[in-house]
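Heads up: the structure comes next, in structure tokens.
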Amino acid sequence: MSSLHRSQPKLTTEIQRWRDEWISRQGGERLLRVRWLLNPEEAALQNVCVREQGGTLLDIRPCSTSELTNVLPVVLIPPLVNAHTHLEFSALTEPLEPALPFQSWIQSLMKWRGSNGATQAESIRNGFAESVDFGIGLIGEISTNDNVSLLSNQQLSNQQLPNQQLPNQQLPNQQLPNQQTSCVAFRELIGLGTARVQQQLELAESFLTAVPVAGVHRALSPHAPYTVHPDLLEQTVALANKHQVPLAMHLAETTDELELLESGTGRFQTFLSSMGLFDPKLFPGGRCILDLLKALSSAPKVLAVHGNYFTDDDVSFLSRHRNITTVYCPRTHHFFGHTPHPFRKLLTAGCRVVLGTDSRASNPDLSIWRELQHVARVASELSPGQLLAMITTHAAEAMQCETARFQIRQHHHFSPLFLLTENASKELSELIRDPSTVPWNPSLGQTSNILPPRQEFSGRSNEE
169 MSSLHRSQPK
179 LTTEIQRWRD
189 EWISRQGGER
199 LLRVRWLLNP
209 EEAALQNVCV
219 REQGGTLLDI
229 RPCSTSELTN
239 VLPVVLIPPL
249 VNAHTHLEFS
259 ALTEPLEPAL
269 PFQSWIQSLM
279 KWRGSNGATQ
289 AESIRNGFAE
299 SVDFGIGLIG
309 EISTNDNVSL
319 LSNQQLSNQQ
329 LPNQQLPNQQ
339 LPNQQLPNQQ
349 TSCVAFRELI
359 GLGTARVQQQ
369 LELAESFLTA
379 VPVAGVHRAL
389 SPHAPYTVHP
399 DLLEQTVALA
409 NKHQVPLAMH
419 LAETTDELEL
429 LESGTGRFQT
439 FLSSMGLFDP
449 KLFPGGRCIL
459 DLLKALSSAP
469 KVLAVHGNYF
479 TDDDVSFLSR
489 HRNITTVYCP
499 RTHHFFGHTP
509 HPFRKLLTAG
519 CRVVLGTDSR
529 ASNPDLSIWR
539 ELQHVARVAS
549 ELSPGQLLAM
559 ITTHAAEAMQ
569 CETARFQIRQ
579 HHHFSPLFLL
589 TENASKELSE
599 LIRDPSTVPW
609 NPSLGQTSNI
619 LPPRQEFSGR
629 SNEE
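In structure tokens:
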């Protein structure tokens, strides 16, 4: 991973002194005084003192007047959740070009996958370690590899993950372990031909019933409208209900996708035909994204990934089906130059929207915090608590995972992140938007050292 890392400014003397003292008192009762404490969906608490012992948060209280001189200039937040990524592309050091047309980008992706010097396993481990370094406690991974042990902390060395304790057996799906990064592995399913459909269904059943792996929750991902036979989608929903697992599907990602459904023509028709995969019987026209949302809606939980071109009818349907959550990938959306994302319309209608990074094929890094900052800069009407929910509790709930770990609560396990900034005197909303603000995991003992300077993608952007 060394090629993906860059050095970060050193911790201030104040933070270093606190950390040394904190570690020296491990096991005993410890106090932590911070300028801000932020929980999802709540107003931030300012100048608070938290008391911890043995990894459990004993209480949270306001700082006394005498304690205000010893408040750390940081924001305390819970571990983060990345609802959508593809770790197999984590060996990339920059997004693939050309971004447009989208089919050319897909071809670049396929070419890279075939010629990549790093193995898929190496790329996945790199991406997993990068995610841990960014303070991500839960990853929604689109998996094309049945070896989900690659998505377990057991694959990372003690040097990469100090102070991590692993369970010695698989936990129930809904109970994700503390003090480690867990993963929901959505097994990707692709198939347009009849024989391929049956093969993919057998693969899905085998994947869901395989030997459990600690910290990994198995799920399914029918890939996209242009790669999934209607029968495969229907039977995948049936499997999700049978095994009570969530689904993830790329939907309304491009206007080309909408054209293929509506008329059976366009760039995707040409793209599929060039590979001998286009069947006019599967794409007769007269269909829309709403048809797919209806087909998915009977599953326990669904991630509708991207949703860049959801219509008013789609939004109305989603507002009545809260088991479907839209995953907005802000910097990937920016990279491809899409029209403004309908996340405001979705939120106003009462729909759930969470955030994902997508992959390094369309993003400079896997920092879910940078995704939140992108939204914060273009949607100042959203409070810090609303924003944080999009990369913590709401995202965990959307993947059928417990949410307690992604909140800072009395009597709960205490494994917070610090937000460090060069401009600690700013108000909280300004701090969140500030490019210098980065998450730091005190239990790992280092700043997020993969984070490059904030990048904007010129030439294709339509800012929200």
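Note that this note's numbering gives residue 367 to position 199 of the sequence shown, counting from 1, and the numbers run on in steps of one.
Yeah, the Cβ is synthetic: ideal placement off N, Cα and C, and Gly gets one too.
Residue i to residue j span [Cα, whole Å]
i           : j           : result
residue 328 : residue 610 : With a pLDDT of 43 at residue 328, under the threshold of 50, the modelled position of that residue is not reliable, and the figure given next carries that caveat. Going from the Cα of residue 328 to the Cα of residue 610 covers about 14 Å.
residue 407 : residue 255 : 25 Å
residue 597 : residue 247 : 19 Å
residue 477 : residue 261 : 29 Å
residue 176 : residue 388 : Note on residue 176: pLDDT 46, under 50, position unreliable in the model; the coordinate value appears next. Their Cα atoms are separated by approximately 37 Å.
residue 573 : residue 243 : 17 Å
residue 581 : residue 365 : 44 Å
residue 513 : residue 483 : 8 Å
residue 537 : residue 531 : 13 Å
residue 320 : residue 452 : 43 Å
residue 466 : residue 416 : 13 Å
residue 343 : residue 444 : Low local confidence applies: a pLDDT of 38 at residue 343 is under 50, so the model's placement there is unreliable, and no value is given.
residue 441 : residue 394 : 12 Å
residue 186 : residue 202 : 11 Å
residue 188 : residue 350 : 28 Å
residue 619 : residue 526 : Since pLDDT at residue 619 reaches only 40, below the 50 mark, its modelled position is unreliable, and the value read off the structure follows with that caveat. Residue 619 and residue 526: Cα-Cα distance of roughly 16 Å.
residue 435 : residue 271 : 7 Å
residue 384 : residue 353 : 7 Å
residue 428 : residue 457 : 11 Å
residue 282 : residue 392 : 21 Å
residue 183 : residue 217 : 16 Å
residue 568 : residue 411 : 12 Å
residue 633 : residue 481 : Absent from the model: residue 633. The displayed extent of the chain is 169 to 632, so no value can be given.
residue 310 : residue 595 : 37 Å
Sub-9 Å separation of residue i and residue j beta-carbons
i           : j           : result
residue 401 : residue 460 : yes
residue 357 : residue 390 : yes
residue 304 : residue 534 : yes
residue 313 : residue 289 : yes
residue 258 : residue 266 : no
residue 576 : residue 191 : no
residue 219 : residue 193 : no
residue 560 : residue 521 : no
residue 540 : residue 517 : no
residue 263 : residue 592 : no
residue 245 : residue 599 : no
residue 241 : residue 589 : yes
residue 368 : residue 359 : yes
residue 562 : residue 498 : no
residue 231 : residue 215 : yes
residue 252 : residue 308 : yes
residue 274 : residue 446 : no
residue 371 : residue 386 : no
residue 505 : residue 268 : yes
Counted within 10 angstroms of its Cβ, other Cβ atoms place residue i as buried (16 or more) or exposed
i           : result
residue 433 : exposed
residue 500 : buried
residue 318 : buried
residue 236 : exposed
residue 566 : buried
residue 295 : buried
residue 621 : In this prediction, residue 621 has a pLDDT of 38, which is less than 50 and means its spatial position is unreliable; what the coordinates show is noted afterwards. When all chains shown are included, residue 621 counts as exposed.
residue 524 : buried
residue 475 : buried
residue 564 : buried
residue 579 : exposed
residue 420 : buried
residue 413 : buried
residue 212 : buried
residue 558 : buried
Span of the beta strand (DSSP E) around residue i
i           : result
residue 506 : No beta strand (DSSP E) holds residue 506; DSSP gives it neither H nor E.
residue 371 : Careful: residue 371 lies outside any beta strand (DSSP E), inside the alpha helix (DSSP H) at 362-376.
residue 534 : Residue 534 -> no beta strand (DSSP E), and no H or E assigned at all.
residue 521 : 521-523
residue 494 : 492-496
residue 596 : Segment 596-601 is the alpha helix (DSSP H) holding residue 596; no beta strand (DSSP E) there.
residue 148 : Here the chain has residues from 169 to 632 only, and residue 148 is not among them.
residue 249 : 248-253
residue 587 : 585-588
Heavy atom of the ligand MG within 8 Å of residue i beta-carbon
i           : result
residue 362 : Here there are no bound small molecules, and the ligand MG is not part of this structure.
Residue range of the alpha helix (DSSP H) that includes residue i
i           : result
residue 282 : 270-283
residue 554 : 552-557
residue 564 : 561-566
residue 290 : 288-301
residue 483 : 480-487
residue 307 : Element bounds for residue 307: not the alpha helix (DSSP H) but the beta strand (DSSP E), 304-311.
residue 511 : 511-516
Item to complete: Quick one: which unbroken beta strand (DSSP E) runs of 3-plus residues sit fully inside the segment 385-470? Chain order, please.
Response: 415-419
Discussion item. Threshold first: 3 residues or longer. Then list the beta strand (DSSP E) segments lying entirely within the segment 182-245, N to C.
Written reply: 197-205, 213-221, 224-230 and 240-245
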